[in-house]
Amino acid sequence: MLDREGFRPNVGIILCNAKNEVFWGKRIREHSWQFPQGGIKRGETPEEAMYRELHEEVGLRPEHVRILGRTKGWLRYEVPNQWIKREWRGSYKGQKQIWFLLRLVGRDSDVSLRATPKPEFDAWRWNDYWVPLDAVIEFKRGVYQQALNELVRFLEQDRRPRGPRPAESQREEGQ
648 MLDREGFRPN VGIILCNAKN EVFWGKRIRE HSWQFPQGGI KRGETPEEAM YRELHEEVGL
708 RPEHVRILGR TKGWLRYEVP NQWIKREWRG SYKGQKQIWF LLRLVGRDSD VSLRATPKPE
768 FDAWRWNDYW VPLDAVIEFK RGVYQQALNE LVRFLEQDRR PRGPRPAESQ REEGQ
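648 is the number of the first residue of the sequence shown in the numbering used here; add one for each residue after it.
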């Protein structure tokens, strides 16, 4: 499913742990690392696609994560011609993505790269939030930078205390 300009609707997932490190997956049988991502199927919302892709690629379910934020609009990248399948050349340009920032509320052991018969990754690790900018394939770098820059504010907001702060106990004189 391509839009009029030749971009495939897609979701990108930045999954972070309690230390604000991000999940970094090694593509199966390749030496490239990336965030989980995948296409939006006809009739799916970006959030539904995100949860489906999260399970397919990382083995996590909605109860394992909390959504911290998402990009306001689509972020696009073009795929170099040599990476496009011959039958798609001329019509396919690249991906347009809605990016989600998630907090892992489950455990590392909840991650399963073999949750489906066609795994995307064969290894994973936690990295510093900004490391992917230096490590991702060049044609995705601009979108990664846009997504990380736009979503970092949600990490800062997530560190703030939730709900009312407990009142400091006040001692009355003579007690």
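The beta-carbon is built from N, C-alpha and C at its ideal position, and this holds for glycine as well.
Every value quoted in this text rests on a predicted model; they were computed, and no experiment measured them.
Contact check for Asp769 against Ile660 fails: the beta carbons are separated by 8 Å or more. Rounded to whole angstroms, Lys743 and Ile731 show a C-alpha spacing of 15 Å. The stretch 775–784 makes no contact with the stretch 693–700, as fewer than three CB pairs between them are under 8 Å. Ile714 is bridged by DSSP to Leu749. The DSSP-derived three-state label of Gly737 is coil. Rounded to whole angstroms, the gap between the alpha carbons of Gly672 and Gly737 is 30 Å. A distance below 6 Å between beta-carbons, with the five flanking residues on each side excluded, links Gly685 to the following residues of its chain, in chain order: Glu700. Non-local C-beta neighbours of Val790 in its own chain, meaning closer than 6 Å and more than five positions away in sequence, comprise Leu722 and Tyr724, ordered along the chain. Of Gln804, Val758, Glu785 and Asp781, the smallest CA-CA separation from Glu710 is found for Val758. Counting only residues of its own chain and dropping the five nearest sequence neighbours on each side, Gln681 has a CB closer than 8 Å to the CB of Trp671, Gly672, Arg674, Pro779, Val783, Ile784 and Lys787. Of the candidates Arg754, Asn796 and Arg761, the residue whose Cα lies closest to the Cα of Lys666 is Arg754.
In chain order, Thr763 place their CB closer than 6 Å to the CB of Glu703, counting only its own chain and leaving out the 5 sequence neighbours on each side.
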